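Chemist: Have a look at the structure that comes next, please.
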Amino acid sequence: MNPFTNIPQQVEDVLEKWQTPRRSFLRSAGLLVVSFGAAGTGPLVTEANAQTGTATQAAGPYPDIDFHQLDSWIVVHQDNTATFYVGKTDCGQGTGTSFRQLMSDELDIAFDKTTCIMGSTDITVDQGGSGGSTAMERDAWPMRRAAAEARRVLLEMGSAQLGVPVDQLTVSDCVITAKGDPSKRVTYGQLIGGKRFNVALTGANINVTTGVAKVKPVQEHKYTGQSPQRYDIPAKVDGSLKWAVDVRLPGMVHARNVKPPFAGAKLIGIDESSVRGMPGFIKVLSKGNYVAVVCEREEQAINASRQLKTSWEKPAKSPFPASDDLFDYIRKAEPTSATAPIIVGTPDTAFASAPKLIEADYEIPFQGHTAISPAHAMADPSNGQMTVYSNDMKSYGMRRGVATFLGMPRENVRVVWMEGPQGFGRTAADDAGCEAAWLAKELGRPVRVQWMRSEETAWDTKAPAFAVKMRGGLDAEGNLVAYDFNARALDYNHVGYNEPDTVLIAQLMGVRKANPDKGSASTPSEMYAIPNRRMATEVVSLPLIWETPLRTGNLRDPNGPQSTFASESFIDELAAAAKADPYEFRLKLLKADAKDDSAFRRARSIAVLEAVAKAYGWDSRPSPKPRSTGNILTGRGIAYAFRGSTIAAEIAEVEVNRQTGHVWAKRLVCAHDCGLIVNPQSLRHTVECAMLHSLSRAIHEEVRFDTEKVISVDWNSHPTLTHADTPASVEVVLVNGDPNPNRPDLPPYGAGETACKPMLAAIANAIYDATGVRLRRLPFRDARVLAALNGARV
Amino acid sequence: MSNTTLKVNGSMHTLDVDPSTPLLYILRNDLGLRGPRFGCGLGQCGACTVIVNGQAIRSCITPVSSVKSEITTLEGIATQGKLHPLQQAWIEEQVPQCGFCQNGQIMTAKALLDKNPNPTDAQIRDGMNRTLCRCMTYYRIQAAIKRAAKTIAEASPVAEKEVVA
Numbered sequence: 010m011n012p013f014t015n016i017p018q019q020v021e022d023v024l025e026k027w028q029t030p031r032r033s034f035l036r037s038a039g040l041l042v043v044s045f046g047a048a049g050t051g052p053l054v055t056e057a058n059a060q061t062g063t064a065t066q067a068a069g070p071y072p073d074i075d076f077h078q079l080d081s082w083i084v085v086h087q088d089n090t091a092t093f094y095v096g097k098t099d100c101g102q103g104t105g106t107s108f109r110q111l112m113s114d115e116l117d118i119a120f121d122k123t124t125c126i127m128g129s130t131d132i133t134v135d136q137g138g139s140g141g142s143t144a145m146e147r148d149a150w151p152m153r154r155a156a157a158e159a160r161r162v163l164l165e166m167g168s169a170q171l172g173v174p175v176d177q178l179t180v181s182d183c184v185i186t187a188k189g190d191p192s193k194r195v196t197y198g199q200l201i202g203g204k205r206f207n208v209a210l211t212g213a214n215i216n217v218t219t220g221v222a223k224v225k226p227v228q229e230h231k232y233t234g235q236s237p238q239r240y241d242i243p244a245k246v247d248g249s250l251k252w253a254v255d256v257r258l259p260g261m262v263h264a265r266n267v268k269p270p271f272a273g274a275k276l277i278g279i280d281e282s283s284v285r286g287m288p289g290f291i292k293v294l295s296k297g298n299y300v301a302v303v304c305e306r307e308e309q310a311i312n313a314s315r316q317l318k319t320s321w322e323k324p325a326k327s328p329f330p331a332s333d334d335l336f337d338y339i340r341k342a343e344p345t346s347a348t349a350p351i352i353v354g355t356p357d358t359a360f361a362s363a364p365k366l367i368e369a370d371y372e373i374p375f376q377g378h379t380a381i382s383p384a385h386a387m388a389d390p391s392n393g394q395m396t397v398y399s400n401d402m403k404s405y406g407m408r409r410g411v412a413t414f415l416g417m418p419r420e421n422v423r424v425v426w427m428e429g430p431q432g433f434g435r436t437a438a439d440d441a442g443c444e445a446a447w448l449a450k451e452l453g454r455p456v457r458v459q460w461m462r463s464e465e466t467a468w469d470t471k472a473p474a475f476a477v478k479m480r481g482g483l484d485a486e487g488n489l490v491a492y493d494f495n496a497r498a499l500d501y502n503h504v505g506y507n508e509p510d511t512v513l514i515a516q517l518m519g520v521r522k523a524n525p526d527k528g529s530a531s532t533p534s535e536m537y538a539i540p541n542r543r544m545a546t547e548v549v550s551l552p553l554i555w556e557t558p559l560r561t562g563n564l565r566d567p568n569g570p571q572s573t574f575a576s577e578s579f580i581d582e583l584a585a586a587a588k589a590d591p592y593e594f595r596l597k598l599l600k601a602d603a604k605d606d607s608a609f610r611r612a613r614s615i616a617v618l619e620a621v622a623k624a625y626g627w628d629s630r631p632s633p634k635p636r637s638t639g640n641i642l643t644g645r646g647i648a649y650a651f652r653g654s655t656i657a658a659e660i661a662e663v664e665v666n667r668q669t670g671h672v673w674a675k676r677l678v679c680a681h682d683c684g685l686i687v688n689p690q691s692l693r694h695t696v697e698c699a700m701l702h703s704l705s706r707a708i709h710e711e712v713r714f715d716t717e718k719v720i721s722v723d724w725n726s727h728p729t730l731t732h733a734d735t736p737a738s739v740e741v742v743l744v745n746g747d748p749n750p751n752r753p754d755l756p757p758y759g760a761g762e763t764a765c766k767p768m769l770a771a772i773a774n775a776i777y778d779a780t781g782v783r784l785r786r787l788p789f790r791d792a793r794v795l796a797a798l799n800g801a802r803v
Numbered sequence: 039m040s041n042t043t044l045k046v047n048g049s050m051h052t053l054d055v056d057p058s059t060p061l062l063y064i065l066r067n068d069l070g071l072r073g074p075r076f077g078c079g080l081g082q083c084g085a086c087t088v089i090v091n092g093q094a095i096r097s098c099i100t101p102v103s104s105v106k107s108e109i110t111t112l113e114g115i116a117t118q119g120k121l122h123p124l125q126q127a128w129i130e131e132q133v134p135q136c137g138f139c140q141n142g143q144i145m146t147a148k149a150l151l152d153k154n155p156n157p158t159d160a161q162i163r164d165g166m167n168r169t170l171c172r173c174m175t176y177y178r179i180q181a182a183i184k185r186a187a188k189t190i191a192e193a194s195p196v197a198e199k200e201v202v203a
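Protein chains in written order, with the numbering used here: chain A, 10 to 803; chain B, 39 to 203.
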């Protein structure tokens, strides 16, 4: 058995192609940061697996890869192909293809001659995996600079070989040619093929890593700005891709968790005899309130975990209020923390003199990740090491978390990143990784663990619930002169990524972080010039903060959809009170000041807002429109926001069924400015899907619970967007609103999350336009909408 | 445990398994297939979809002993090394984000097109409605189904004859 057959196919291909394992290459090249003993000089040894006598994994240790070495980033092969090694993972947006485009451009190699390897901790540098939409904005920069440096070094080598000065050479698709004499040529493969550059890079940290060479002006890029197809898609549609769920190792066993039936319950006893005779039963493993059943086969583990008799003691007091009482609870709770208010002008004075005051309260429930695949991981403890096969978007963090959790040296742990379900933030993949590793260490053999649907939907991390109170004051001409934003988020003890003291298994085992994360709420992200403004945020806590299914963690654009739902709904309410067109009302607020910031967010906000109105064909009138007769009421709504330096404005056109309360978003338009666009098609699809993700949050998603447990546990009790909900038309307009759109250093900004932000308010504003009814509580399920329509006698 | 014989993508397999075992685990863990995947175990999401007797079925809730006809999985719809028009359309439309659910989307779409080669938008929405995608690629999936339907119609010998006639 090839010792490498349990790592991703694309990695496998590269290793086979080279004939030399990557790690041997790195090791012989001295590219591993070796912190101990004789490691780094020995041959690659594969030891026998104790259970099966079969080799399962390359022997460790697995030292860090040195990002200060060019060879850690790029290998150019004899056949004029290249492999790029990047410390990123992809959550489904096709970032690997975009990295290849940028790096191919800087290296001067044909795009289709390159491969990108991502995110496995023992063969790629640590760029942290994914998060914060930083792929293009931050992490592509060291990749570009490394590729530019490789090109510079190759040109110098070519110069020496050909006896022609560098400035007399041109390079195209790996071929270096003397400008005056085309017969003088040499290829990258001839110069370096398969050998090491041995070139050191500089930079205080990985994000600023650089060589001597400068990157090209973006106008000289050939592939950047084009839309080559994503390389990962064919294997995803023909069934050949080996996903993290597909890893199978000799001697492996299957585990399933048994979760507490009530939040905060204490395990009193386990009756192992209830499962001992079941087929394939191996063991019940338990510590504290963590319980797992291990069996030979997957379905056996599922059956045994359901059959296992356990007894639990309920907590003395309710862990949380029922979801129906959540917002009363939030409003009455004593905050655990508050930020100092951001104050512009003199809001109190302005409110006191404003002739028209508007107030509104908005309510956003807990919403979950509910990944399409429940959390899973495989861990292999052979050779005294620990290898975790995972789709976790932060594989490097998982390595650190697992090492600390198990008390193992980090060098003895590696995480092999493989494709999995979407990783829009802190999913339960983090938890499954630590669970698999702990179980594997206890059993001394490879363990695969997977959560069941009910576990995932009930126990994954949640986006915090928000209650937002807003006030606005209009002057006699309908100008917004005073503004007050107060957000309360249920976010105390927000869990981070792969933290050994907050992953669920650690919590259940009784581990407690000394200082729980204080959590956060967020303020609106817009460039409106409002003369008197106050914005404040507070965090409140639920009674139970540990071992709770209502633990909060980052979900795509953390807190952005919640605060923007409130702020952009409220701007619409103000526009309606001023009898102004909601698009023009916003544009006026943006243009009320000429000051801009270093990313030109004001100019770009104006450009984006104008672009979305133009693409939609917006006609000027206040909302709501005169209500039509008939069952179906139609309306349009607009909203805008930025995230970081990326701007999005969205218009939704909805149909509201007066008889059923059903809302269908018939048409969505987004204008989006994220600076330099690397792959327009990937970008469009990412933006489309981000809009639809927030549409799902707007009309379907809510975590429901009673005073003991989460009761939304599957796709019936926790509905999501479906094919039937899909708009008839989804349009994305890509905007470059930079005041100097052709500047050679136009930077790319992040694009994975911004489009999530405005959609919830755009839908609410469209429903208001159609019906004259303002919905301030998410989600807009049929029953809630119908009740509101009936209440307003629509 | 008892012997169960399955025909999958043209090949016969005899396995000694508990007859109540859901088909999904046999396909994945015994036959090593990667197309059908576990999403819910409840027949609600469709990630585990395979085709039996022309019907898209949810292998996560189908006991292996109940399957008497040939099973077709995502790996089995390409012919002679050529991708099925749906798979080709999925690539041309660049449908997937993460791609985890796309087995169910493609297999459900195949059963739909096999029965109704020229579905309306409403029929596509209806026929696909119980197949979930949490990356929300629905808009692209629907476009890809229409593209594939067109490709299949253009390649159909019947259609060519009609043109000739």
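Just so you know, even glycine gets a beta-carbon here, dropped at the ideal spot from N, CA and C. All values derive from a computational prediction rather than experimental measurement.
Report the partner residues of Tyr94 (chain A) according to the DSSP bridge assignment.
Modeler: According to DSSP, Tyr94 (chain A) bridges with A:Ile126.
Chemist: Consider the Cβ of Val254 (chain A): report whether some Cβ of chain B lies at a distance smaller than 9 Å.
Modeler: Chain B, which has a Cβ nearer than 9 Å to the Cβ of Val254 (chain A), makes this yes.
Chemist: Give every residue of the same chain whose Cβ lies closer than 6 Å to the Cβ of Val85 (chain A), excluding the five residues on either side of it in the sequence, and list them in chain order.
Modeler: Same-chain partners within the cutoff: Ala91, Tyr197 and Ile201.
Chemist: Using a Cβ distance threshold of 8 Å, determine whether the segment 588-601 of chain A contacts the segment 520-527 of chain A, with at least three qualifying pairs required.
Modeler: These segments do not touch.
Chemist: Kindly give me the distance between the Cβ atoms of Thr52 (chain B) and Thr43 (chain B), rounded to whole angstroms, as I take these residues to be in contact under 8 Å.
Modeler: Correct: roughly 5 Å between the Cβ atoms.
Chemist: Starting from Val3 (chain A) and walking both ways along the beta strand (DSSP E), at which residues does that stretch end?
Modeler: As shown, chain A starts at 10 and ends at 803. That puts residue 3 (chain A) outside it, with no answer to give.
Chemist: Within its chain, find whatever has a CB closer than 6 Å to the CB of Ala222 (chain A); leave out the 5 residues flanking it on each side and keep chain order.
Modeler: Excluding positions up to five away in sequence, the list reads Ala157, Glu158 and Arg161.
Chemist: If I follow the unbroken beta strand (DSSP E) through Arg497 (chain A), where does it start and stop?
Modeler: Note, Arg497 (chain A): beta strand (DSSP E), Leu489 to Leu499.
Chemist: Would you call Ser703 (chain A) buried or exposed, if buried means 16 or more other Cβ atoms sit within 10 Å of its Cβ?
Modeler: With 16 or more other Cβ atoms within 10 Å, it is buried.
Chemist: Name the DSSP beta bridge partners of Cys683 (chain A), please?
Modeler: DSSP output for Cys683 (chain A) lists no bridge partner at all.
Chemist: I need the DSSP call for Cys443 (chain A), collapsed to helix, strand or coil.
Modeler: Three-state DSSP puts Cys443 (chain A) in a helix.
Chemist: Output yes or no for whether 9 Å exceeds the beta carbon distance between Glu465 (chain A) and Thr379 (chain A).
Modeler: Yes, the Cβ-Cβ distance between Glu465 (chain A) and Thr379 (chain A) is below 9 Å.
Chemist: Under DSSP, the beta strand (DSSP E) around Trp321 (chain A) begins and ends at which residues?
Modeler: Here the beta strand (DSSP E) through Trp321 (chain A) covers Lys318 to Glu322.
Chemist: Out of A:Asp590, A:Gly653, A:Ser314 and A:Lys225, which one is the CA nearest neighbour of Pro533 (chain A)?
Modeler: The shortest C-alpha separation from Pro533 (chain A) is found at A:Gly653.
Chemist: Rounded to whole angstroms, what's the CA-CA distance from Thr792 (chain A) to Ala575 (chain A)? Just pull it up for me.
Modeler: In the sequence as displayed, the identity of residue 792 (chain A) is Ala instead of Thr. Going by the C-alpha atoms only, they are around 21 Å apart.
Chemist: Rounded to whole angstroms, what's the CA-CA distance from Thr211 (chain A) to Gly101 (chain A)? Just pull it up for me.
Modeler: Near 31 Å, if we compare the C-alpha coordinates of Gly101 (chain A) and Thr211 (chain A).
Chemist: Looking at the unbroken alpha helix (DSSP H) that takes in Leu692 (chain A), where does it start and where does it end?
Modeler: Note, Leu692 (chain A): alpha helix (DSSP H), Pro689 to Ile708.
Chemist: Here's the rule: buried if 16 or more other CB atoms are within 10 angstroms of the residue's CB, otherwise exposed. What is Asn207 (chain A)?
Modeler: Result: exposed.
Chemist: In chain B, which residues lie less than 9 Å from Asp121 (chain A) when you measure between Cβ atoms?
Modeler: Those do not exist, as Asp121 (chain A) stays about 15 Å from chain B at its closest Cβ, beyond 9 Å.
Chemist: Using a beta-carbon distance below 9 Å, is Gly77 (chain B) in contact with chain A?
Modeler: Yes - at least one Cβ of chain A is within 9 Å of the one on Gly77 (chain B).
Chemist: Whole angstroms are fine: how far does the CA of Gly519 (chain A) sit from the CA of Gly416 (chain A)?
Modeler: Distance between the alpha carbons of Gly416 (chain A) and Gly519 (chain A): 16 Å.
Chemist: Does Ser731 (chain A) get closer than 9 Å to chain B when you measure Cβ to Cβ?
Modeler: In the sequence under discussion, the amino acid at residue 731 (chain A) is Thr, which differs from the Ser named in the question. Thr731 (chain A) counts as touching chain B.
Chemist: Applying the 10 Å Cβ sphere with the 16-neighbour rule, what's the burial state of Glu368 (chain A)?
Modeler: Its Cβ having fewer than 16 others within 10 Å, Glu368 (chain A) is exposed.
Chemist: Just mark Lys188 (chain A) as buried or exposed, buried being the case when its beta carbon has 16 or more other beta carbons within 10 Å.
Modeler: So Lys188 (chain A) counts as exposed.
Chemist: Bridge partners of Tyr398 (chain A), per DSSP?
Modeler: DSSP lists A:Met387 and A:Val425 as partners of Tyr398 (chain A).
Chemist: I'd like the list of long-range same chain contacts for Phe433 (chain A), defined as Cβ closer than 7 Å, with 5 residues on each side in sequence excluded.
Modeler: Contacts found: Cys100, His378, Leu564 and Arg565.
Chemist: Output the boundary residues of the beta strand (DSSP E) element that contains Met287 (chain A).
Modeler: That residue, Met287 (chain A), is in no beta strand (DSSP E); it is neither H nor E in DSSP.
Chemist: Rounded to the nearest angstrom, what separates Asn541 (chain A) and Lys604 (chain A) at their Cα positions?
Modeler: Their Cα atoms are separated by approximately 16 Å.
Chemist: Could you check whether Leu787 (chain A) and Glu711 (chain A) sit closer than 9 Å to each other, using their CB atoms as the reference points?
Modeler: A contact, by the Cβ cut-off of 9 Å.
Chemist: Evaluate the contact criterion for the segment 291-300 of chain A versus the segment 266-275 of chain A: three or more CB pairs, one atom per stretch, below 8 Å.
Modeler: The answer is yes - the segment 266-275 of chain A touches the segment 291-300 of chain A, with three or more Cβ pairs under 8 Å.
Chemist: Quick check: what's the CA-CA separation for Ile132 (chain A) versus Ile242 (chain A)?
Modeler: C-alpha separation (whole angstroms): 23 Å.
Chemist: Straight-line CA distance for Thr189 (chain B) to Leu71 (chain B)?
Modeler: Going from the Cα of Thr189 (chain B) to the Cα of Leu71 (chain B) covers about 27 Å.
Chemist: Measure the CB-CB distance between Cys98 (chain B) and Thr169 (chain B) and report whether it falls below 9 Å.
Modeler: Cβ distance not < 9 Å, so Cys98 (chain B) and Thr169 (chain B) don't count as in contact.
Chemist: First and last residue of the alpha helix (DSSP H) that includes Val794 (chain A)?
Modeler: First-last of the alpha helix (DSSP H) with Val794 (chain A): Asp791 to Gly800.
Chemist: With 7 Å as the C-beta to C-beta threshold (strictly closer), list the residues of the segment 124-136 of chain B near chain A in chain order.
Modeler: Cβ contacts with chain A: Gln125, Trp128, Ile129, Gln132, Pro134, Gln135 and Cys136.
Chemist: Using a Cβ-Cβ cutoff of 7 Å, what residues of the segment 323-344 of chain A are near chain B? List them in chain order.
Modeler: Against chain B - using a Cβ distance shorter than 7 Å - the segment 323-344 of chain A contributes no residues.
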